[in-house]
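**Q** Pasting in a structure now, in structure tokens, and then I'll have a few things to ask.
2 protein chains.
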Amino acid sequence: MVDRTSGVPAFRQVAADLREKIVSGRFAPGAKLPSEHDLVGTYGVSRPTIREAVDVLRGEGLVTSEHGRGVFVRPPASIQRVARSRLSRDARERNRGAFLADAAAGGFAPSTSVKIGFEPADARVAGHLAIDEGTEVTVRDRVMRADGLVIQLAVSRLPRELTRGTAIEDADTGPGGTYARLEEAGRTIGSFAEHVGARMPTPAEATQLQLAGGVPVITVTRVAYDVEGTPLEMNDMVLAADRYELSYEWPAG
Amino acid sequence: MVDRTSGVPAFRQVAADLREKIVSGRFAPGAKLPSEHDLVGTYGVSRPTIREAVDVLRGEGLVTSEHGRGVFVRPPASIQRVARSRLSRDARERNRGAFLADAAAGGFAPSTSVKIGFEPADARVAGHLAIDEGTEVTVRDRVMRADGLVIQLAVSRLPRELTRGTAIEDADTGPGGTYARLEEAGRTIGSFAEHVGARMPTPAEATQLQLAGGVPVITVTRVAYDVEGTPLEMNDMVLAADRYELSYEWPAG
DNA sequence: CAGTGGTCTAGACCACGAA
DNA sequence: TCGTGGTCTAGACCACTGC
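So the protein sequences, as listed, match chains A and B.
Using full-length UniProt numbering, the first residue of the first sequence is number 1, and each one after it goes up by one.
Using full-length UniProt numbering, the first residue of the second sequence is number 1, and each one after it goes up by one.
Set out below in structure tokens:
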């Protein structure tokens, strides 16, 4: 029952009580919450108020609801990813690229689909690639799947002059992927930079990544530089935050 | 007006229309949306339906609502952070620690408050620090502010045996911070690892970080190792995702 | 079929902000 | 004081799930 004199809104009291039961384990991961009808009786509030409380928990990513079945405590899940070793030349020689290398390490069945295009660079792209705005760039728009589940979206952009006549403009870039083709063309990769952020997904991303409510996306913009520090490629990745953890290592000093 | 025959829920149609007006710039950043009362007239639906549509946009982080004032398009904001140079000994010598080094680079006025404690290591802590579960660890629970605004929460843990008799058990660790004290005690820092994820905040975090709806947090667990690879310290950080971007660089090969 | 969540209405009263 | 968003009710009908 809710306390009408506390000043705390009823739906927040209900949400707090349900949250406590979830984090304390009284409602175990995967367990079904009482039906909205039952909760109306338990807390003595109307159904819209119960729904508002459940909405709060869904927004926090604690529960998912399934039409006709019930509301369930969301079980956790995570995949590890290691950055430093991930892009080594050794790994590229044995695989088709970074994502497939990850897949081999993680033991899941990978697949990708690619869409190739060309467009003028906007201000952000021009800044990362150190080119003039409007310069033509090659765009590789990829969807990556693990065991059939879409797990990562990636849009790779390179100055068109670096890709003309190479397999980078084909759907299949061949063994070692884009970076191997760049090195064959005489552009040795010297270093990488990754810029990491997080935000809530757009509706399109939520659909593609099959995200439940309350799951943010991690955004990673990776820039590959040659040995002189000239940017060769930028890659905007969008990852489901409940399925990825990024790891970086570096020496001190 | 909404299309009642499309099968798309009315509140989603309203949300999609408002979203389009926001991303296209017809509602500029910082601008006030029409009042809920006006939107009822515009779309021909009831106020709860309008509120549900606005809830969707708030969950996506596109708008914030202010009681008694209106609903506003949220303007973007970001602070840059660089990892590799951030923890160099050079920077430590001139500052009190990593956060204050960031602050100096970012040009904002920093302040922190600290709570010190001791507790037995749980499984996760024991794993990161390579110690037995239950071993006593020193816990430094910090709140970091920039220009008065709480911007980062950080909980640092070290095996108690490394901190006994050092300033690490004091609120003020002195010039160079925890890492400088460890090196004075003969434990040279050899390398760092950071594990990055994202999730929706807990209610406590949302309050402390003054997060608006629809803003995730970035979680960073940093582990500092000595030159032999023994873990010395782990630091769990929670950052507001709309105010931080993490950058990492490393050489190829 | 019964039970579940999904959507929607037409109000009500309250708390806050600005004039 | 008035307009704003915040909360809440007591229903209604629909769509999906599983027996």
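Yeah, the Cβ is synthetic: ideal placement off N, Cα and C, and Gly gets one too.
#1: Please report the distance separating the alpha-carbon of Ile-116/B from that of Pro-75/A.
#2: With 16 other CB atoms within 10 Å as the buried threshold, where does Pro-120/B fall?
#3: Over what stretch of residues does the beta strand (DSSP E) that includes Tyr-225/B continue unbroken?
#4: Indicate the three-state DSSP secondary structure (helix, strand or coil) for Asp-141/A in the structure shown.
#5: Could you list which residues in chain B have their beta carbon closer than 8 Å to that of Tyr-43/A, in chain order?
#6: Starting from the beta carbon of Val-196/A, find every residue of chain B whose beta carbon is closer than 8 Å, and list them in chain order.
#7: What residues in its chain sit with their C-beta under 6 Å from that of Gly-61/B, if we drop five residues either side in the sequence?
#8: Looking only at DSSP bridge pairs, what is Arg-112/B linked to?
#9: Assign Ala-171/A to buried or exposed, taking buried as 16 or more other Cβ atoms, counted over all protein chains shown, within 10 Å of its Cβ.
#10: Could you compute how far the alpha carbon of Gly-30/A sits from the alpha carbon of Glu-184/A?
#11: Could you check which residue in Gly-174/B, Tyr-179/B, Thr-221/B, Ala-212/B has the C-alpha nearest to that of His-195/B?
#12: Mind checking Ala-204/B: buried by the 16 CB within 10 Å criterion, or exposed?
#13: How far does the beta strand (DSSP E) with Asp-38/A in it extend, from its first residue to its last?
#14: Under a CB-based cut-off of 7 Å, is Phe-192/B close to chain A?
#15: Name the two residues that bound the continuous beta strand (DSSP E) containing Phe-27/B.
#16: Does the separation of the CB atoms of residue 255/B and Glu-228/B fall below 7 Å?
#17: Between which two residues does the beta strand (DSSP E) carrying Ala-198/A extend?
#18: For the region 186 to 194 of chain A against the region 242 to 250 of chain B, are there 3 or more C-beta pairs whose distance is under 8 Å?
#19: Can you give me the Cβ contacts of Lys-21/A inside the same chain, cut-off strictly under 7 Å, excluding the 5 residues immediately before and after it?
#20: Can you tell me which of Ala-180/B, Ala-240/B, Ala-241/B, Arg-243/B puts its alpha carbon nearest to the alpha carbon of Ala-224/B?
#21: Nearest by alpha-carbon distance to Ala-10/B: which of Pro-48/B, Gly-25/B, Pro-34/B, Ser-24/B is it?
#22: Taking only the alpha-carbon atoms, compute the straight-line gap between Ser-85/B and Ser-46/A and give it to the nearest angstrom.
#23: Between Lys-32/A and Arg-142/A, what straight-line distance do the alpha-carbon atoms span, to the nearest angstrom?
#24: What are the start and end residues of the alpha helix (DSSP H) that includes Thr-49/A?
#25: Against Arg-199/A, what residues of chain B qualify as contacts under a CB-to-CB distance less than 7 Å, listed in chain order?
#26: Could you check if Ser-156/A is buried or exposed, using at least 16 other CB atoms within 10 Å of its CB as the buried criterion?
#27: With a threshold of 6 Å, establish whether the CB of Ser-35/A neighbours any heavy atom of the ligand ATP.
#28: Thr-207/A and Val-238/A: beta carbons closer than 7 Å?
#29: With DSSP as the reference, please indicate the residues paired to Ser-78/A in a beta bridge.
#30: Expressed to the nearest angstrom, what Euclidean distance is found between the alpha-carbon atoms of Glu-52/A and Val-139/A?
#31: Counting along the chain, where does the beta strand (DSSP E) carrying Glu-249/B start and finish?
#32: Work out the CA separation of Ala-198/A and Leu-39/A for me, nearest whole Å.
#33: Which class does Glu-133/B belong to by DSSP, given the choice of helix, strand or coil?
#34: Across which residues does DSSP place Val-155/A in a beta bridge pair?
#35: Would you say Ala-252/B lies against chain A (beta-carbon separation less than 7 Å)?
**A** Taking the geometry as given:
#1: 33 Å
#2: exposed
#3: 217 to 226
#4: strand
#5: The contacting residues do not exist; Tyr-43/A stays about 18 Å from chain B at best.
#6: Val-196, Ile-218, Glu-245, Leu-246, Ser-247, Tyr-248
#7: Gly-214, Val-215
#8: Sequence inspection shows Thr at residue 112/B; the Arg mentioned does not correspond to that position. Thr-112/B pairs with Met-144/B.
#9: exposed
#10: 50 Å
#11: Thr-221/B
#12: exposed
#13: First-last for Asp-38/A: 36 to 43, but that is the alpha helix (DSSP H), not the beta strand (DSSP E).
#14: yes
#15: Unbroken run through Phe-27/B: none, as it is neither H nor E.
#16: This structure does not reach residue 255/B, given that chain B is present from 1 up to 253, and the question cannot be answered.
#17: 189 to 199
#18: yes
#19: Phe-27
#20: Ala-180/B
#21: Pro-48/B
#22: For Ser-85/B, the pLDDT reaches just 48, beneath the cut-off of 50, and the residue's location in the model is therefore unreliable, leaving the point undetermined.
#23: 36 Å
#24: 47 to 59
#25: Gly-61, Pro-216, Ala-241
#26: buried
#27: Among the components of this structure there are no ligands whatsoever, and the ligand ATP is therefore not found.
#28: no
#29: The partner list for Ser-78/A (beta bridge, DSSP) is empty, contrary to what the question assumes.
#30: 43 Å
#31: 245 to 251
#32: 34 Å
#33: coil
#34: Asp-141/A, Asp-236/A
#35: yes
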